[in-house]
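S.K.: Note that my numbering has the sequence shown beginning at 9, numbered continuously upward.
Each residue gets a CB set at the ideal place from its N, CA and C atoms; glycine is no exception.
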Amino acid sequence: MGANGAGSTAAHDETGCSHYRKGDPFMCGIAGGINTTTEVIQQMLDRIIHRGPDGIGIKHHGPMVHGHVRLALVDLTDASAQPFSHQDTTLSFNGEVWNYSKLKAKSPHQFQTTGDTESFADLLTRQGINSLSAIDGMYAIAFSDQHGNHYLARDPFGKIPLYVAKTKTGYLYASERKAFSANLKPIAVPPGYGFDLTNGQWFQHYKLPSHQYTTVTDVLSLLTDGVQQRLHADAPVCCLISGGLDSSLILALAKQQSSNVTAFTASFDSHSPDLTAARRLCSDLSVPLIEVPVDPTPDLIDQAIHTIEISSKAQIEIAILCIPLAQRIAAEGFKACLSGEAADELFGGYGNFCIQASKAKTTSDFIKLRHAQLAKMSRGNFVRCNKAFMAAGVECRLPFMQQQLVERVINLDKAESPPGKKLLKQAAKDLVPDWIVKRQKDTFQGASGIASQMQQQIASPTIFYNNQLRKQFGYLPKD
9 MGANGAGSTA
19 AHDETGCSHY
29 RKGDPFMCGI
39 AGGINTTTEV
49 IQQMLDRIIH
59 RGPDGIGIKH
69 HGPMVHGHVR
79 LALVDLTDAS
89 AQPFSHQDTT
99 LSFNGEVWNY
109 SKLKAKSPHQ
119 FQTTGDTESF
129 ADLLTRQGIN
139 SLSAIDGMYA
149 IAFSDQHGNH
159 YLARDPFGKI
169 PLYVAKTKTG
179 YLYASERKAF
189 SANLKPIAVP
199 PGYGFDLTNG
209 QWFQHYKLPS
219 HQYTTVTDVL
229 SLLTDGVQQR
239 LHADAPVCCL
249 ISGGLDSSLI
259 LALAKQQSSN
269 VTAFTASFDS
279 HSPDLTAARR
289 LCSDLSVPLI
299 EVPVDPTPDL
309 IDQAIHTIEI
319 SSKAQIEIAI
329 LCIPLAQRIA
339 AEGFKACLSG
349 EAADELFGGY
359 GNFCIQASKA
369 KTTSDFIKLR
379 HAQLAKMSRG
389 NFVRCNKAFM
399 AAGVECRLPF
409 MQQQLVERVI
419 NLDKAESPPG
429 KKLLKQAAKD
439 LVPDWIVKRQ
449 KDTFQGASGI
459 ASQMQQQIAS
469 PTIFYNNQLR
479 KQFGYLPKD
């Protein structure tokens, strides 16, 4: 539905291209397909309009129909609107390219825009789909090249969701499951993979590199770079704070790089240890803190289930907190936020990981366990993080997923990066107060009190959540 409850429509010219249309100030979403119609893609875009009402567009490229809804964060002008035509190619993408300035500097092309879209399209046009290895960013893309090939691709770690479904005549793709009609069962494009819509073949465009020697200084330097990259925008950016080590470190680094930082936290239990810690830290750092009260009403619970589209008790309950938080962030004029998400998986913070790690008999077993933690996020944390915030038109950015940082720490053995986030604590000790570093680890849903509340409010939460998902999709989505 459109901004005022009316169905979204796009005006088309004689070329089959839709005019870029301004909308209410709401990250991007894509939907499209091969051997389909404009009407089908328009219906799919209407179902995910919340992801980008700054603009909506549809463009034909041979048998491919590209559709896009836009949240403008870098280059707010119409010139970067999508689907984006570059020479004889067309690109639709959701996400951010952090190294786009470096890519532009290496290209002979005379750029007409200041954002990352033209840079991404130019690279793919000149070097083909195999040039994805040059991209440092988070993305889900649809790309039609000058040779009649049509591709989908998802970033190396699966930070941005992307789904594809086979139809009677071809394929459809979209950023969210809800974009598809009820008779289709879309599957997620795996992290680091692409799909050739022309021949129906999968291909891998990314593999984790081998072990690299990594120091505490390396970790801090790369994380600082990750924060700096993600603070860049032509629209306001803020930070999420839970009171734990991970978000506290991100806030401290953001404060170092920008004096104009605002923190947001979800407030469910006013006496929770996380909220108390968040208040104390923001006071210590002289950062304004906006507390967002959360009331887990039946409507909010249903909204969380509908929004994130995955069968996970933990992720749904975190989404119950994140959705009102995202709405308030948007209402305060912010289009992006920085989160401490992924630190526990990268540095071994969870108790169950520590138990499993203690049973790992070889370095190989330990590394496999770490890789499994990373892969799991593309089916849970990243999906929830993206969709819960995108429901309010807010892009959630993850500095801990800075690509070089992930590649360095994920292959460290038990001696180099002991479970319990010891390596990260060493990196953080001069940036955040000692009492933050020494705080006992708890899950977000546990420390906030939302998990225990749901157990009281709903007799069997997991069964209830799964039943609601089956009602929505006719099956139980797993990723």
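If you reduce the DSSP assignment to three classes, tell me which class Phe188 lands in.
M.R.: Residue 188 sits at position 180 when you count from the first residue of the sequence shown. Coil, per DSSP.
S.K.: List the whole-angstrom C-beta distance separating Val402 from Phe342, where the pair is believed to meet the contact cut-off of C-beta under 8 Å.
M.R.: Here residue 402 refers to the residue found at position 394 when the sequence shown is read from its first residue. Here residue 342 refers to the residue found at position 334 when the sequence shown is read from its first residue. Val402 to Phe342, Cβ: 7 Å. Contact.
S.K.: If I follow the unbroken alpha helix (DSSP H) through Lys367, where does it start and stop?
M.R.: Taking the sequence shown and counting its residues from 1, the one referred to as residue 367 is at position 359. Counting along the chain, the alpha helix (DSSP H) containing Lys367 begins and ends at 359–367.
S.K.: With burial defined as no fewer than 16 other Cβ atoms inside 10 Å of the residue's Cβ, what is the status of Phe276: buried or exposed?
M.R.: Counting from one through the sequence shown, the residue named residue 276 turns up at place 268. Classification for Phe276: buried.
S.K.: Using the C-alpha atoms, what's the distance from Gly103 back to Gln120?
M.R.: Stepping through the sequence shown from its first residue, residue 120 is reached at position 112. Stepping through the sequence shown from its first residue, residue 103 is reached at position 95. About 20 Å.
S.K.: Give me the Cα-Cα distance between Ala436 and Ile328, rounded to the nearest whole angstrom.
M.R.: Within the sequence shown, residue 436 is the residue found at index 428, counting from 1. Within the sequence shown, residue 328 is the residue found at index 320, counting from 1. Distance between the alpha carbons of Ala436 and Ile328 is about 29 Å.
S.K.: Do His58 and Met398 have their C-beta atoms within less than 8 Å of each other?
M.R.: Residue 58 sits at position 50 when you count from the first residue of the sequence shown. Residue 398 sits at position 390 when you count from the first residue of the sequence shown. Going by C-beta atoms, His58 is nearer than 8 Å to Met398.
S.K.: Which complete alpha helix (DSSP H) runs does the stretch 369–434 hold, if anything under 4 residues is left out?
M.R.: As summarised for the stretch 369–434, the continuous alpha helix (DSSP H) elements at least 4 residues long and confined to that stretch are 371–385, 389–398, 411–417, given in chain order.
S.K.: Please list, in chain order, all residues of the same chain as Pro33 whose beta carbon is under 6 Å from its beta carbon, the five residues on each side excluded.
M.R.: The residue given as residue 33 occupies position 25 in the sequence shown. Bear in mind that a pLDDT of 30 at Pro33, under 50, signals an unreliable position, so the number given afterwards is only what the model happens to contain. Excluding positions up to five away in sequence, the list is empty.
S.K.: Pick from Phe92, Phe272, Asn389, Ala383: whose alpha carbon is nearest that of Gln335?
M.R.: Translated into positions along the sequence shown, residue 335 becomes position 327. Here the closest residue by C-alpha is Phe272.
S.K.: Let me know the secondary structure DSSP gives Ser275 once reduced to three states.
M.R.: Position 267 of the sequence shown, counted from the start, is the residue given in the question as residue 275. Note: Ser275 maps to strand in three-state DSSP.
S.K.: Rounded to whole angstroms, what is the Cα-Cα separation between Ala351 and Leu261?
M.R.: Translated into the one-based positions of the sequence shown, residue 351 becomes position 343. Translated into the one-based positions of the sequence shown, residue 261 becomes position 253. Whole-angstrom Cα-Cα distance: 15 Å.
S.K.: Are the Cβ atoms of Phe188 and Gly202 separated by less than 8 Å?
M.R.: By 1-based counting over the sequence shown, the position of residue 188 is 180. By 1-based counting over the sequence shown, the position of residue 202 is 194. Going by C-beta atoms, Phe188 is not nearer than 8 Å to Gly202.
S.K.: Is DSSP giving Cys36 helix, strand or coil here?
M.R.: Within the sequence shown, numbered from 1, the residue matching residue 36 stands at position 28. Coil.
S.K.: Rounded C-beta distance between Gly234 and Pro407? I'm assuming under 8 Å.
M.R.: Stepping through the sequence shown from its first residue, residue 234 is reached at position 226. Stepping through the sequence shown from its first residue, residue 407 is reached at position 399. Rounded, the Cβ-Cβ distance is 4 Å, consistent with contact.
S.K.: Is the beta carbon of Ser319 closer than 8 Å to that of Lys193?
M.R.: Here the question's residue 193 lines up with position 185 in the sequence shown. Here the question's residue 319 lines up with position 311 in the sequence shown. The answer is no: Cβ separation not under 8 Å.
S.K.: Measure the alpha-carbon distance for Gly457 versus Asp124 and round it to whole angstroms.
M.R.: Within the sequence shown, residue 457 is the residue found at index 449, counting from 1. Within the sequence shown, residue 124 is the residue found at index 116, counting from 1. So the alpha carbons of these two residues sit roughly 40 Å apart.
S.K.: My output table needs one value for Lys67: the three-state DSSP class, helix, strand or coil.
M.R.: On the sequence shown, position 59 is the one that residue 67 refers to. If DSSP states are grouped into helix, strand and coil, Lys67 belongs with the strands.
S.K.: Could you check whether the stretch 384–393 touches the stretch 357–370, counting it as contact only if at least three pairs of C-beta atoms, one from each stretch, sit closer than 8 Å?
M.R.: no
S.K.: In the DSSP assignment, what residue or residues form a beta bridge with Ile195?
M.R.: Residue numbering aside, residue 195 sits at position 187 when the sequence shown is read from its first letter. Paired residues: Val172.
S.K.: On the DSSP letters alone, give me the boundaries of the alpha helix (DSSP H) that Asn268 sits inside.
M.R.: Numbered from 1 along the sequence shown, position 260 holds the residue referred to as residue 268. That residue, Asn268, is in no alpha helix (DSSP H); it is neither H nor E in DSSP.
S.K.: Less than 8 Å between the CB atoms is what I'm expecting for Phe128 and Leu99, so what's the real figure, rounded?
M.R.: Looking up residue 128 in the sequence shown gives position 120. Looking up residue 99 in the sequence shown gives position 91. Rounded, the Cβ-Cβ distance is 6 Å, consistent with contact.
S.K.: In or out: Leu484 buried (at least 16 other Cβ within 10 Å) or exposed?
M.R.: Mapped onto the sequence shown, residue 484 falls at position 476. Result: exposed.
S.K.: Looking only at DSSP bridge pairs, what is Gln209 linked to?
M.R.: For the purposes of this step, residue 209 is identified with residue 201 of the sequence shown, where counting begins at 1. Answer by DSSP bridge pairing, in chain order: Asp204.
S.K.: Can you round the beta-carbon distance between Phe92 and Ser250 to whole angstroms, since I take them to be within the 8 Å contact cut?
M.R.: Residue mapping note: residue 92 aligns to position 84 of the sequence shown, counting from 1. Residue mapping note: residue 250 aligns to position 242 of the sequence shown, counting from 1. Contact doesn't hold; Cβ gap of about 37 Å is too wide.
S.K.: Measure the C-alpha to C-alpha separation of Leu346 and Cys404 and round it to an integer number of angstroms.
M.R.: If you number the sequence shown from 1, residue 346 lands on position 338. If you number the sequence shown from 1, residue 404 lands on position 396. For Leu346 and Cys404, the distance between alpha carbons rounds to 6 Å.
S.K.: Does DSSP classify Ile56 as helix, strand or coil?
M.R.: Stepping through the sequence shown from its first residue, residue 56 is reached at position 48. If DSSP states are grouped into helix, strand and coil, Ile56 belongs with coil.
S.K.: Hey, is the stretch 103–117 in contact with the stretch 129–136, meaning 3+ C-beta pairs nearer than 8 Å?
M.R.: yes
S.K.: Starting from His74, follow the beta strand (DSSP E) in both directions and report where the run begins and ends.
M.R.: Here residue 74 refers to the residue found at position 66 of the sequence shown. Taken as a continuous stretch (DSSP letters only), the beta strand (DSSP E) holding His74 covers 72–78.
S.K.: With C-beta atoms as the reference, is Val197 less than 8 Å away from Tyr147?
M.R.: By 1-based counting over the sequence shown, the position of residue 197 is 189. By 1-based counting over the sequence shown, the position of residue 147 is 139. No, the Cβ-Cβ distance between Val197 and Tyr147 is not below 8 Å.
S.K.: Quick one: measure Cβ to Cβ for Glu126 and His94, integer angstroms, because I've assumed they're closer than 8 Å.
M.R.: On the sequence shown, residue 126 is found 118 positions in, with the first residue counted as 1. On the sequence shown, residue 94 is found 86 positions in, with the first residue counted as 1. That belief holds up - the Cβ atoms of Glu126 and His94 are roughly 7 Å apart, short of 8 Å.
S.K.: How is Ile249 classed by DSSP in three states: helix, strand or coil?
M.R.: For the purposes of this step, residue 249 is taken as residue 241 along the sequence shown, with counting starting at 1. Coil at Ile249, not helix or strand.
S.K.: For Cys492, which of Leu477, Ile49, Ile471, Lys395 has the nearest alpha-carbon?
M.R.: Only positions 9 to 487 of the chain appear in this structure, which leaves residue 492 out of reach.
S.K.: If you draw a straight line from the C-alpha of Ile298 to the C-alpha of Leu259, how long is it?
M.R.: Position 290 of the sequence shown, counted from the first residue, corresponds to residue 298. Position 251 of the sequence shown, counted from the first residue, corresponds to residue 259. For Ile298 and Leu259, the distance between alpha carbons rounds to 14 Å.
S.K.: Taking all protein chains shown into account, do 16 or more other C-beta atoms lie within 10 angstroms of the C-beta of Gly482, making it buried, or fewer, making it exposed?
M.R.: Counting from one through the sequence shown, the residue named residue 482 turns up at place 474. Gly482 should be labelled exposed.
S.K.: Tell me the rounded alpha-carbon separation between Ser16 and Arg392.
M.R.: Against the sequence shown, residue 16 aligns to sequence position 8. Against the sequence shown, residue 392 aligns to sequence position 384. Low confidence applies to Ser16: its pLDDT is 32, below 50, so where it sits in the model is not reliable enough to give any reading.
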